[in-house]
Structure formats: structure tokens, C-alpha cells
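As C-alpha cells, the structure follows; a few thoughts come after it.
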Amino acid sequence: MSLVGRYAALASAAVQQRMAYRNAFLLSVVSQLLVALSLIYLWQAVYAGRPALSGFTWPELKTYLLLTFFTNVVIGWHSEMAVVGRILDGSVAIDLLKPLDFQAARLVEILGVALFEGAVMLLVLAVLALALGGIEFPPDLTTLGLALLSFGLGALI
């Protein structure tokens, strides 16, 4: 099996492991959605009757809240806890004996899960954004490109 095939198999196994407990995954999605709704309704109450606060309008802040929520889901604690769990249960010793780079293998596993969970949460947030009246998009393609670049670099860190 080629090196790329090995890493692809690792990413696939990580997604399958995350989906092994479907009810836990669905509960996680619902709980994350409730957190997002709580924050949105809290800030909506703060903005009630005000056109802007500190130079930010409600549509801008709503977009910011949804984007930070999405970023937290994709780049959140799961990636840190995956390595911590391996250290705590001792499986890191076996990982270090495998003929794969430890850091690259963990990166591929985390990216596989992040892509899967990101796609699911993107769907959920799209429905939520539509229900809340949409979001504001960047004023130009340069800003959008820099935002995507920043998100990608943040994910790698």
C-alpha cells in the first residue's frame, strides 16, 4: 500500500471510529446547535433596539458568531483530546512503533474527522443561517480568500 493510501486509510478509520457511536455523535451535534442558538439569542437581545454596538451591526455579529462556532467545531477540542487519549491509554507507544510519522498520522486522522464533522455542521449552520435571515458575506473576493487562508492555517496549527 502506498504512503498516501496508508494515510487515507487512517483518515477513514478515524471517521468510522467517530461514527461508531451514532447517538453520541447526533447528541453532540444537537448540543453544539443549542450552544450556537443560545449565543445568537443572547446577542440578539443585547442588540435589541440598537442599530450597532462598537461599530458592528447585528448581521455582522450574527455572521461572526456562526463562523466562530463553525471554526470551533472543526478545529475544537477533539483534535487535542485525540492525542491526550492516546497518551492516557498508552496506545501512543504502539503508534510510535508504526512505520508512519506520528505527527503526520495524527494530522491526517484529525483532518479526516474535521472534514466530516465540518460538512455536517456546515449543513446545520446553513439551515440555521437561513432561519435567522441569512449572513453577510465578505465585501470582495480578496477578503474571502484571506479568510479561507486564515482558516486553513488555523486548522493546521
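Per the numbering used here, the sequence shown starts with residue 3, numbered consecutively.
Here a beta-carbon is modelled for each residue, glycine too, at the ideal position from N, C-alpha and C.
Can you tell me which residues form a DSSP beta bridge with residue i?
i   : result
F58 : L55
How would you call residue i, buried or exposed, if buried means at least 16 neighbouring beta carbons within 10 angstroms?
i    : result
Q34  : buried
Y9   : buried
R108 : buried
A106 : exposed
A13  : buried
L151 : exposed
L63  : buried
A149 : exposed
V110 : buried
L29  : exposed
Cutting at 7 Å between CB atoms, please list the residues of its own chain near residue i, excluding the five before and the five after it.
i   : result
M21 : F27
V94 : R88
V85 : R108
Excluding sequence positions up to five away, which residues of its chain have a Cβ less than 8 Å from the Cβ of residue i?
i    : result
V75  : Q34, E119, G120 and M123
Y66  : F58
F72  : G120, M123, L124 and L127
I159 : none
V48  : L55
A38  : L67, L68, F71, L127 and L130
Excluding the 5 residues preceding and the 5 following residue i in the sequence, name in chain order all residues of the same chain whose CB lies nearer than 6 Å to its CB.
i    : result
Q46  : none
P61  : E138
L132 : none
D97  : F104
Would you check if the segment 6-23 and the segment 106-125 touch, i.e. whether three or more CB-CB distances between them fall below 8 Å?
A contact exists between the segment 106-125 and the segment 6-23.
Whether or not the segment 123-132 and the segment 50-58 are in contact is what I'm after, with contact meaning three or more pairs of Cβ atoms, one per stretch, closer than 8 Å; do they touch?
Flag = no, the segment 50-58 and the segment 123-132 do not touch.
Within the chosen definition, does the segment 100-111 reach the segment 56-76 through at least 3 CB pairs nearer than 8 Å?
Touching, no, given that fewer than three Cβ pairs across the two stretches are closer than 8 Å.
What are the complete alpha helix (DSSP H) segments, minimum 4 residues, inside the segment 66-114?
Segments of the alpha helix (DSSP H) lying fully in the segment 66-114: 79-91 and 93-99.
If you scan the segment 16-49 from start to end, which runs of the beta strand (DSSP E) of 3 or more residues do you find wholly inside it?
Here no run is fully enclosed.
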